[in-house]
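Step one of this worksheet: look at the structure below.
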DNA sequence: CTTAGTGTACGATGTGCATAGTACACCATT
DNA sequence: AATGGTGTACTATGCACATCGTACACTAAG
């Protein structure tokens, strides 16, 4: 695991977990790695790992129980909302860039189809 | 102009100029704003503005002449390469996210088409 | 030559990120 | 009660970002 030096590590790890939760790879209620374990597996400092869980809890994606650990929220509606949000963001960002670059919709779709078939 | 607190300002301003250069909104050879002017118009510090031009020069997108100013490169091939690069990045990022979220290609294209027609 | 505008180069300060280390509080298991 | 795993809190350090302020070097135009 290597990190983009221009983005805070806690954000990059948080995004990873977010995706896992949105896709169901980490199902509702599942126990997440302890802060210390996450730190080890991601090669980051325990304090940074703690930050990740704090931020995830702020957005309602996980619940932390002192002495027990951190768990994926059981609020499936919240997770569904996250998934839609991520999809919308991806689409919006893509369309914005394509428009800025003056690429025609047809050309953009062709490029996407090409990339998907690799 | 407001900035994402999680990304260095110089990078955000640099990306803006990059896009302008790639799209031809700032044509080859055109004089860019002086460091002090850029700082004013972007509400940033002159030192940060200088950093923007230094990074742009590193990537060969502009040329700086002491006492004269900073200019968009006249290397049109370099600019064309940049444009392709940005497009490829956008496509790759979009496809990656869509795949991660388990969205079908058909659905993804539908969302893009919808977004484009707004 | 003088002036104004330009890029360049410092030092100093405040903030946030990331790290290291330590200590404490809570919970389940034994 | 004792232990191990957990989250939490705090101090300290080093670094990059971003700001402010100042000074200097170069160029073009008057």
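Protein chains in written order, with our numbering: chain G, 1 to 118; chain E, 1001 to 1118. Where is the CB? At the ideal position from N, CA and C, for every residue including glycine.
Short CB-CB distance (under 8 Å) between residue i and chain G
i               : result
residue 1094(E) : yes
residue 1019(E) : yes
residue 1056(E) : no
residue 1009(E) : no
residue 1044(E) : no
residue 1102(E) : yes
residue 1072(E) : no
Reduced DSSP category for residue i - H, G, I as helix; E, B as strand; rest coil
i               : result
residue 1073(E) : coil
residue 64(G)   : strand
residue 2(G)    : coil
residue 43(G)   : coil
residue 86(G)   : helix
residue 78(G)   : helix
Backbone CA spacing between residue i and residue j [nearest angstrom]
i               : j               : result
residue 54(G)   : residue 1032(E) : 43 Å
residue 1057(E) : residue 8(G)    : 25 Å
residue 23(G)   : residue 1067(E) : 55 Å
residue 70(G)   : residue 1051(E) : 41 Å
residue 1076(E) : residue 1060(E) : 11 Å
residue 1113(E) : residue 92(G)   : 11 Å
residue 1005(E) : residue 1034(E) : 25 Å
residue 1081(E) : residue 74(G)   : 47 Å
residue 118(G)  : residue 21(G)   : 26 Å
residue 16(G)   : residue 87(G)   : 15 Å
residue 1048(E) : residue 1010(E) : 6 Å
The alpha helix (DSSP H) enclosing residue i, as first and last residue numbers
i               : result
residue 110(G)  : 105-116
residue 16(G)   : 9-23
residue 34(G)   : Per DSSP, residue 34(G) belongs to no alpha helix (DSSP H) and is neither H nor E.
residue 1056(E) : 1046-1058
CB-CB length for residue i against residue j, believed under 8 Å
i             : j               : result
residue 28(G) : residue 72(G)   : 5 Å
residue 83(G) : residue 1109(E) : Between residue 1109(E) and residue 83(G) the Cβ distance is about 18 Å, and since that is not below 8 Å, they are no contact.
Cutoff 8 Å: residue i Cβ touching any chain E Cβ
i              : result
residue 59(G)  : no
residue 115(G) : yes
residue 91(G)  : yes
residue 105(G) : yes
residue 22(G)  : yes
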